[in-house]
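Enquirer: Just so you know, we're using the working numbering here: the sequence shown kicks off at 213 and counts up by one. We put the CB at the ideal spot given by N, CA and C, even for glycine. Sharing a structure, written as structure tokens. Questions coming.
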Amino acid sequence: MSNGFETLAIHAGQEPDPLTGAVVPPIYATSTYKQDGVGGLRSGYEYSRSANPTRTALEEALAAVEAGARGLAFASGLAAEDTVLRTVCRPNDHVIIPNDAYGGTYRLFAKVNERWGLRYDPVPLGNLDAVAGAMTQKTKIVWVETPTNPLLGIADIAGLAELAHENDALLVVDNTFASPYLQRPLELGADIVVHSTTKYVGGHSDVVGGALVARSKELGDELAYHQNAMGAVAGPFDAWLTLRGLKTLGVRMDRHCDNAERVVDLLLAHPKVTQVLYPGLGEHPGHEVAAKQMKRFGGMVSFRVAGGEEAAVEVCNRAELFTLGESLGGVESLIEHPGRMTHASAAGSPLEVPADLVRLSVGIETVDDLLADLTRALG
């Protein structure tokens, strides 16, 4: 099997069906499987919570494109995150998280897992000294987003992997914003990659899902045990839709990046924009690290607006082609106000985002149309 990204995305885990020759994996809409005698499982399948052939195809493809030993598909990105935490951690353990983590991740730590006894500290992960200072003997995971959501912060994956391993901790990287096409954390020393496959991997805003990819078979098997025991698995149709999206990830990401770079140029020149957050900019504090560990800089752009929160909200409301909505990573462009939408759960916390911030998920439409829409929205 070739190791080219696009080849793996189209073929890994997706051999033509041996019965019919179908080149697309079938949707196995079944909950149970006939056994060849008591305990005689045909190809290892017994019950679709434990395994389903459509989900297996997706999991094998995800492992291949992330260069991991085992992939696992979940009902959502947060289901995947929760499985990591309950596999690796115990009550009174400690996790380091980004000080600008995704609001849903923060909510999982602050409102769910903290009651279970899991302690956490938000730390600026771009500062290795700060991370080293926050490590304790109870630290089991350094949890990384790079780029972060929504401030597009960058963390040095290789540096954090070395630091985590020196302290007998695992490095877990949420690779949702970059996608495996732009960044492969396992090759940089990470132990587990997390995805909300709802976003760029699925890519069409029509399916909710999550994924884990483990660097080692042993860790992958342990995660798989908990996936089955906890049960938040991807259904066969969701797995099929996600696999369909993965096939075109490479070509889509190139267009997302092309369009985002043009959008950044427009924003930099606009008098009502006070700051543009994009790791492709030379003045971005994480630019050199991003250039080292990413193929390109992605389709997510955030910016701050003169006039404060109300002005930022008005930009969101005036946009037309940029659809006002949550989520990201689909073929269509989205605009949102993080403080009132995706990151409202972080209000009043150390992870609260600036009120004048607007976040864009730049889609793959004709870029001149996107630029015209943003120009109108900014006024």
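Do you know offhand how far Pro497's Cα is from Arg396's?
Expert: Approximately 21 Å, taken between the alpha carbons.
Enquirer: Could you check if Pro550 is buried or exposed, using at least 16 other CB atoms within 10 Å of its CB as the buried criterion?
Expert: The residue is buried, with at least 16 neighbouring Cβ atoms inside 10 Å.
Enquirer: How is Trp328 classed by DSSP in three states: helix, strand or coil?
Expert: DSSP places Trp328 in coil when its eight states are reduced to three.
Enquirer: Quick one, are the C-beta atoms of Val570 and Ala502 less than 8 Å apart?
Expert: No, these two residues do not count as a Cβ contact at 8 Å.
Enquirer: In whole angstroms, give me the CA-to-CA distance for Leu217 and Leu274.
Expert: For the sequence presented, residue 217 should be read as Phe rather than Leu. Taking the straight line from one Cα to the other gives about 11 Å.
Enquirer: Buried or exposed: Glu522, going by 16 or more other Cβ atoms within 10 Å of its Cβ?
Expert: It is exposed - the Cβ of Glu522 has fewer than 16 other Cβ atoms within 10 Å.
Enquirer: Can you find a CB in chain B that lies within less than 8 Å of the CB of His377?
Expert: Absent from the structure: chain B. Only one protein chain is present.
Enquirer: Considering Gln439, what are the terminal residues of the alpha helix (DSSP H) in which it resides?
Expert: Counting along the chain, the alpha helix (DSSP H) containing Gln439 begins and ends at Lys429 to Met442.
Enquirer: Under 8 Å between the Cβ atoms of Ala423 and Leu284?
Expert: Going by C-beta atoms, Ala423 is nearer than 8 Å to Leu284.
Enquirer: Would you mind stating whether Phe534 and Asp585 have Cβ atoms separated by less than 8 Å?
Expert: Their beta carbons are under 8 Å apart, which means Phe534 touches Asp585 by this criterion.
Enquirer: For Pro230 and Pro238, what's the separation of their Cα atoms in angstroms?
Expert: Roughly 11 Å separates the two Cα atoms.
Enquirer: Since Ala221 contacts Lys459 with CB under 8 Å, what's their CB separation in whole angstroms?
Expert: Their Cβ separation, rounded to whole angstroms, is 6 Å, which keeps Ala221 and Lys459 in contact under 8 Å.
Enquirer: Between Gly329 and Pro303, which are expected to be in contact by the criterion C-beta below 8 Å, what is the C-beta distance as a whole number of angstroms?
Expert: Right, the Cβ-Cβ distance comes to about 3 Å (below 8 Å), so this counts as a contact.
Enquirer: If we count the other Cβ atoms within 10 Å of its Cβ and call it buried at 16 or more, is Tyr314 buried or exposed?
Expert: So Tyr314 counts as buried.
Enquirer: Rounded C-beta distance between Val543 and His416? I'm assuming under 8 Å.
Expert: Val543 to His416, Cβ: 6 Å. Contact.
Enquirer: Ignore the nearest five residues each way along the sequence and tell me which others in Thr299's own chain have a CB closer than 7 Å to its CB.
Expert: Same-chain partners within the cutoff: Glu434, Leu435 and His438.
Enquirer: On a CA-only basis, which of Ala342, Asp248, Tyr412 and Glu272 is nearest Glu227? Give me that one, please.
Expert: Comparing Cα-Cα distances from Glu227 to each of Ala342, Asp248, Tyr412 and Glu272, the minimum goes to Glu272.
Enquirer: Closest by CA to Asp581, which one among Asp477, Gly492 and Asn471?
Expert: Minimum Cα distance to Asp581 is reached at Asn471.
Enquirer: Using C-beta distances below 7 Å, list every residue in its chain close to Cys469, excluding the 5 sequence neighbours before and after it, in chain order.
Expert: For Cys469, where only same-chain residues beyond five positions count, the Cβ hits under 7 Å are Arg508, Phe509, Gly510 and Gly511.
Enquirer: What residues in its chain sit with their C-beta under 8 Å from that of Ala287, if we drop five residues either side in the sequence?
Expert: These residues qualify, in order along the chain: Val420, Gly421, Gly422, Ala444, Val445, Ala446, Gly447 and Asp450.
Enquirer: Are at least three pairs of beta-carbons, each pair with one atom in the region 471-480 and one in the region 554-562, less than 8 Å apart?
Expert: Contact fails: fewer than three Cβ-Cβ distances are below 8 Å.
Enquirer: Compare the Cα-Cα distances from Arg473 to each of Pro362, Tyr393 and Leu583 and report the closest residue.
Expert: Note that residue 473 is Glu in the sequence shown here, rather than Arg. When each option's Cα is compared against that of Glu473, the closest is Leu583.
Enquirer: Quick check: what's the CA-CA separation for Val413 versus Leu461?
Expert: Answer to the nearest angstrom: the Cα atoms are 6 Å apart.
Enquirer: Taking buried to mean at least 16 other C-beta atoms within 10 Å of its own C-beta, is Lys504 buried or exposed?
Expert: By the 10 Å Cβ count, Lys504 comes out exposed.
Enquirer: Could you tell me the boundaries of the alpha helix (DSSP H) in which Lys459 lies?
Expert: Its alpha helix (DSSP H) spans residues Pro448 to Lys459.
Enquirer: What does DSSP give as the partner residues of Thr351 in its beta bridges?
Expert: Thr351 pairs with His306.
Enquirer: Keeping to the same chain, check which residues put their C-beta closer than 6 Å to that of Ala263; ignore five residues upstream and five downstream.
Expert: These residues qualify, in order along the chain: Tyr257.
Enquirer: Note down the Cα distance separating Gln349 from Ile404, rounded to an integer number of angstroms.
Expert: In a straight line, the C-alpha of Gln349 is about 20 Å away from that of Ile404.
Enquirer: Between which two residues does the beta strand (DSSP E) holding Glu548 run?
Expert: Glu548 -> beta strand (DSSP E) spans Leu546 to Glu548.
Enquirer: In the DSSP assignment, what residue or residues form a beta bridge with Val335?
Expert: According to DSSP, which records beta bridges pairwise, Val335 is partnered with Pro310.
Enquirer: Is it buried or exposed for Arg588, if we count other Cβ within 10 angstroms and need 16 for buried?
Expert: Classification of Arg588: exposed, given that the 10 Å Cβ count is below 16.
Enquirer: Which residue or residues does DSSP assign as beta-bridge partners of Met512?
Expert: Answer by DSSP bridge pairing, in chain order: Ser573.
Enquirer: Report all residues from its chain with a CB closer than 7 Å to the CB of Ala291; omit the five preceding and five following residues, and keep chain order.
Expert: Closer than 7 Å at the Cβ level, and outside the excluded window around Ala291, lie Gly422 and Ala444.
Enquirer: Return the Cβ separation of Thr454 and Leu320 in integer angstroms, given the expectation that the two are a contact with Cβ distance under 8 Å.
Expert: That pair is no contact at about 21 Å.
Enquirer: Who are the Cβ neighbours of Val343 in its own chain at under 7 Å, not counting the five residues just before and after it?
Expert: Same-chain partners within the cutoff: Ile308, Val335, Leu337, Val354, Leu372 and Leu375.
Enquirer: With DSSP collapsed to three states, give me the class of Leu382.
Expert: The answer is strand: DSSP assigns Leu382 an E or B state.
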